[in-house]
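Have a look at the structure below before the remarks.
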Amino acid sequence: MRWLPGLLLSMFLLITAAAPPLPAVVERDFQPQFARYGVQGSFLLYDEPAGQYVAYNLKRCRQRFLPASTFKIPNTLIGLQTGALPDTAEICRWDGVTRSFPQWNQDMTYARALRVSCVPCYQQLARRIGVARYQQWLRRLRYPGMVVTPATLDTFWLGGKSQISQVEQVDFLRRLQAETLPVEKRHQRAVKQLLILRKTPEYTLYGKTGWRFRSARNPDNGWLVGWLERADGRRAFFALNVEPQPGPINDDQFIASRRAVTEAVLRELKWL
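284 is the number that the numbering used here gives the last residue of the sequence shown; the numbers go up by one with no jumps.
Here it is in C-alpha cells:
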C-alpha cells in the first residue's frame with residue numbers, strides 16, 4: 013500500500029486542476045454614496061477586463077429579494093421566444109383603470125411598457141404566457157428563485173416567495189449581453205436595445221430599475237441592474253439593491269436614488 017499516498021496526491025491534483033478558479037472579490041465601502049441619497053443597501057459590479065467582482069456589503073449581495081420590474085427583462089424574452097408577444101411594437105391596450113402612475117393610463121407598445129415599467133401591461137403578458145411556459149423557460153434561462161403558480165401568475169415577481177440575488181442578476185445579464193441565452197439572438201438584441209439608458213461617444217449605459225412597494229410587513233426595496241460598455245470594448249456589469257434609511261420616506265428621492273447611487277459608484281470606480 014506504499015503507492016496509496018502517491019495515488020491520492022495525483023487524484024487531488026487532477027481534481028483541483030479541473031475546478032475553475034473562483035473570480036476574486038474586492039470589497040469596497042460605498043456607504044457615503046448611499047447615505048447621500050438617503051438609502052442603505054448593497055452594490056455588486058463584475059469588472060470583465062479584470063475578471064473580478066467589486067462588492068459593497070458582500071453578504072447582502074448574496075441575499076435574495078423580489079425582482080420587481082427587473083423581471084421585465086426575462087419576461088420580455090420569454091414572451092418573444094414563446095410567441096406570446098409577437099414583437100415589442102405590439103400594443104398593450106389600457107384597461108381603463110386609472111392608476112397612480114399617469115404614464116400607465118394609456119395604450120402603449122411593449123417597448124414603452126418596459127421603459128416605463130408598466131405593471132398592468134406585463135400582467136396581461138403573464139396571462140398569455142401561462143404557468144407551464146414560465147416554469148419551462150425560467151429553467152432554461154437559469155433565472156433562479158421564481159415561484160409561479162396559477163394563483164400568482166400575474167404577480168409572482170411583485171410579491172410572494174420569488175427572490176433573486178444581485179450575484180444571480182449579474183450572472184443573467186452577462187449571458188444576455190453575450191447573447192448566449194437559449195433564446196433567438198434577434199430577441200436578445202431587441203431587449204438589449206430597450207435597456208439603453210444613455211449613449212455617448214465614450215460609453216453606453218444599459219439598465220432596468222425595479223421597485224417593490226412597501227407594505228405593512230416590508231419596506232420599499234429598489235433595484236437597478238445593467239451593464240456599461242466603454243467605446244474601447246471594456247464592460248462592467250452591476251446590480252444595485254437599496255432600501256430607505258430609517259425615518260420619513262421621500263418617494264421621489266427613493267426613486268431617483270437607484271440611478272444616482274449607481275452612477276456615483278461607477279464614477280468612483282472610474283467607469284464613468
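Note that the Cβ used here is the ideal one computed from N, Cα and C, for glycine as well.
Predicted model, so just to flag it, every value in this text is computed and none were measured.
Practice prompt. Using beta-carbon positions only, say whether Val131 and Pro162 come within less than 8 Å of one another.
Written response: To locate residue 131, count along the sequence shown from 1; it is residue 119. To locate residue 162, count along the sequence shown from 1; it is residue 150. In this structure, Pro162 does not lie closer than 8 Å to Val131 by Cβ.
Item to complete: Grab me the residues of Glu255's own chain with a C-beta within less than 7 Å of its C-beta, minus the 5 sequence neighbours each way, in chain order.
Response: Start at 1 with the first residue of the sequence shown, and residue 255 comes out as number 243. Only Val51, Gln52, Gly53, Pro231, Asp232, Asn233 meet the Cβ criterion.
Worksheet item: What is the rounded straight-line gap between the Cα of Asp183 and the Cα of Ala190?
Response: Here residue 183 refers to the residue found at position 171 when the sequence shown is read from its first residue. Here residue 190 refers to the residue found at position 178 when the sequence shown is read from its first residue. Distance from the CA atom of Asp183 to the CA atom of Ala190, rounded to whole angstroms, is 11 Å.
Item to complete: Could you check the C-alpha separation between Tyr332 and Leu281 for me, to the nearest Å?
Response: Past the edges of the chain, shown from 13 to 284, lies residue 332, and the structure says nothing about it.
Worksheet entry | Buried/exposed call for Glu214, threshold 16 Cβ in 10 Å | Here residue 214 corresponds to residue number 202 of the sequence shown, with the count starting at 1. So Glu214 ends up on the exposed side.
Worksheet entry | Contact set for Cys133: own chain, Cβ-Cβ below 6 Å, skip 5 residues either direction | In the sequence shown, counting from the first residue as 1, residue 133 sits at position 121. Excluding positions up to five away in sequence, the list reads Cys104, Ala125.
Item to complete: Please check if any C-beta of chain C sits within less than 8 Å of the C-beta of Thr110.
Response: The structure shown has no chain C; it contains just one protein chain.
Worksheet item: Between Ala101 and Val203, what straight-line distance do the alpha-carbon atoms span, to the nearest angstrom?
Response: Numbered from its first residue, the sequence shown carries residue 101 at position 89. Numbered from its first residue, the sequence shown carries residue 203 at position 191. Per the coordinates, the alpha-carbon of Ala101 lies some 12 Å from the alpha-carbon of Val203.
Worksheet item: Are Gln181 and Arg76 close, meaning C-beta to C-beta below 8 Å?
Response: Looking up residue 181 in the sequence shown gives position 169. Looking up residue 76 in the sequence shown gives position 64. In terms of Cβ geometry, Gln181 and Arg76 do not form a close pair [threshold 8 Å].
Worksheet item: Does the beta-carbon of Lys211 have 16 or more other beta-carbons within 10 angstroms, so that it is buried, or is it exposed?
Response: For the purposes of this step, residue 211 is identified with residue 199 of the sequence shown, where counting begins at 1. Exposed is the call here.
Item to complete: Would you mind listing the alpha helix (DSSP H) stretches within the segment 161-231 that are 4+ residues and don't spill past its ends, in chain order?
Response: If only uninterrupted alpha helix (DSSP H) runs of at least 4 residues are considered, those enclosed by the segment 161-231 are 178-189, 197-206.
Worksheet item: Whose C-beta lies closer than 7 Å to the C-beta of Val307 among residues of the same chain, with five residues either side of it excluded?
Response: Because residue 307 is not part of the residues shown, which for the chain are 13 to 284, the question remains open.
Item to complete: Can you tell me which of Gln135, Ile85, Val273 puts its alpha carbon nearest to the alpha carbon of Leu293?
Response: Given that the chain is displayed from residue 13 to residue 284, the structure contains no residue 293 and the question cannot be resolved.
Worksheet item: Where does Ala67 fall in DSSP's three states?
Response: Locating residue 67 in the sequence shown gives position 55, where the first residue counts as 1. In the three-state reduction of the DSSP assignment, Ala67 falls in the strand class.
Practice prompt. Identify whether Glu275 lies in helix, strand or coil by the three-state DSSP scheme.
Written response: The residue you call residue 275 lines up with position 263 of the sequence shown. Helix, per DSSP.
Discussion item. Taking 6 Å as the limit between beta carbons, can you name the residues of its chain near Asn69, skipping five residues before and five after?
Written reply: By 1-based counting over the sequence shown, the position of residue 69 is 57. The answer, listed in chain order, is Ser54.
Item to complete: Report whether the distance from the Cβ of Val254 to the nearest heavy atom of the ligand ATP is below 7 Å.
Response: In terms of ligand content, the structure shown is empty, and the ligand ATP therefore cannot be addressed.
Worksheet item: According to the neighbour-count rule (16 or more other Cβ atoms, all chains shown, within 10 Å of its Cβ), is Pro79 buried or exposed?
Response: Against the sequence shown, residue 79 aligns to sequence position 67. Of the residues assessed, Pro79 falls on the buried side of the cut-off, its CB having 16 or more other CB atoms within 10 angstroms.
Practice prompt. Enumerate in chain order the residues of its own chain whose CB-to-CB distance from Ala272 is below 6 Å, with the five nearest sequence positions on each side excluded.
Written response: Counting from 1 along the sequence shown, the entry for residue 272 is found at position 260. The answer, listed in chain order, is Tyr49.
Practice prompt. In angstroms with no decimal places, state the Cα-to-Cα distance between Glu241 and Thr216.
Written response: As a position in the sequence shown, residue 241 is number 229, starting the count at 1. As a position in the sequence shown, residue 216 is number 204, starting the count at 1. Whole-angstrom Cα-Cα distance: 5 Å.
Practice prompt. Identify every residue that forms a DSSP beta bridge with Pro285.
Written response: Look at the range of the chain in this structure, 13 to 284, and you will see that residue 285 is not part of it.
Worksheet item: Just reading off the beta strand (DSSP E) that Arg242 is part of, what are its end residues?
Response: Indexing the sequence shown from 1 puts residue 242 at position 230. Counting along the chain, the unbroken beta strand (DSSP E) around Arg242 starts and ends at 233-242.
Discussion item. Relative to the C-alpha of Tyr218, which candidate in Asp107, Glu275, Val38 has its C-alpha closest?
Written reply: Walking along the sequence shown from the start, residue 218 turns up at place 206. Of the candidates Asp107, Glu275, Val38, Glu275 places its Cα closest to the Cα of Tyr218.
Discussion item. Would Leu193 and Leu252 qualify as a contact pair, given that the criterion is a beta-carbon distance under 8 Å?
Written reply: Residue 193 sits at position 181 when you count from the first residue of the sequence shown. Residue 252 sits at position 240 when you count from the first residue of the sequence shown. In this structure, Leu252 does not lie closer than 8 Å to Leu193 by Cβ.
Item to complete: Tell me, please, which residues DSSP counts as bridged to Asp59.
Response: Your numbering for residue 59 matches position 47 in the sequence shown. As a beta-bridge residue in DSSP terms, Asp59 pairs with Gln64, Ala248.
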